[in-house]
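Asks: Residue numbers (our numbering): 6 to 103.
#1: So, residue 12 versus residue 46, is the Cβ gap smaller than 7 Å?
#2: Can you look up residue 82 in the DSSP assignment and give me helix, strand or coil?
#3: Look at the alpha carbon of residue 63 and the alpha carbon of residue 26, and state the distance between them as a whole number of angstroms.
#4: Give me the DSSP bridge partner(s) of residue 18.
#5: When the distance is taken between beta carbons, is residue 9 closer than 7 Å to residue 34?
#6: Would you tell me roughly how many angstroms separate the C-alpha atoms of residue 37 and residue 24, rounded to the nearest one?
#7: Would a C-beta distance cut-off of 7 Å place residue 56 and residue 81 closer than the cut-off?
#8: Please report the straight-line C-alpha distance between residue 18 and residue 73, rounded to a whole angstrom.
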């Protein structure tokens, strides 16, 4: 896969571990933390992003939600061609039940 851009927009989440992991797994990708007015990205890793993020990142191909639920994400106006990817479980169901 050629070079592509991933933007990280996660409320109340330390970005560095995510950025390091993404860069290690995808060395050809450009990975950055989103700021208003940032360059357009191909993919986004998100948790509780603001509507402004979606309004500015209209060309996203995929939105990877790092939390188990996507209810809040689905209340936003999403980019028209973006596919939303969510965690199915990742072991959290047992933790939440406890």
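Glycine included, each C-beta is placed from N, C-alpha and C at the ideal position.
Replies: So, from the listed chains and residues:
#1: Working through the chain shown from its first residue, we reach residue 12 at position 7. Working through the chain shown from its first residue, we reach residue 46 at position 41. Cβ atoms of residue 12 and residue 46: closer than 7 Å.
#2: Numbered from its first residue, the chain shown carries residue 82 at position 77. Three-state result, residue 82: coil.
#3: Locating residue 63 in the chain shown gives position 58, where the first residue counts as 1. Locating residue 26 in the chain shown gives position 21, where the first residue counts as 1. If I take the Cα positions, the gap works out to 25 Å.
#4: Position 13 of the chain shown holds residue 18. DSSP, once it has assigned bridges, lists no residue as partnering residue 18.
#5: The residue you call residue 34 lines up with position 29 of the chain shown. The residue you call residue 9 lines up with position 4 of the chain shown. Yes, they are a contact pair.
#6: For the purposes of this step, residue 37 is taken as residue 32 along the chain shown, with counting starting at 1. For the purposes of this step, residue 24 is taken as residue 19 along the chain shown, with counting starting at 1. Using only the alpha carbons, I get a separation of about 7 Å.
#7: As a working note, residue 56 is residue 51 in the chain shown. As a working note, residue 81 is residue 76 in the chain shown. Yes, Cβ-Cβ distance for residue 56 and residue 81 is below 7 Å.
#8: Position 13 of the chain shown, counted from the start, is the residue given in the question as residue 18. Position 68 of the chain shown, counted from the start, is the residue given in the question as residue 73. If you take the alpha carbons of residue 18 and residue 73, they lie about 15 Å apart.
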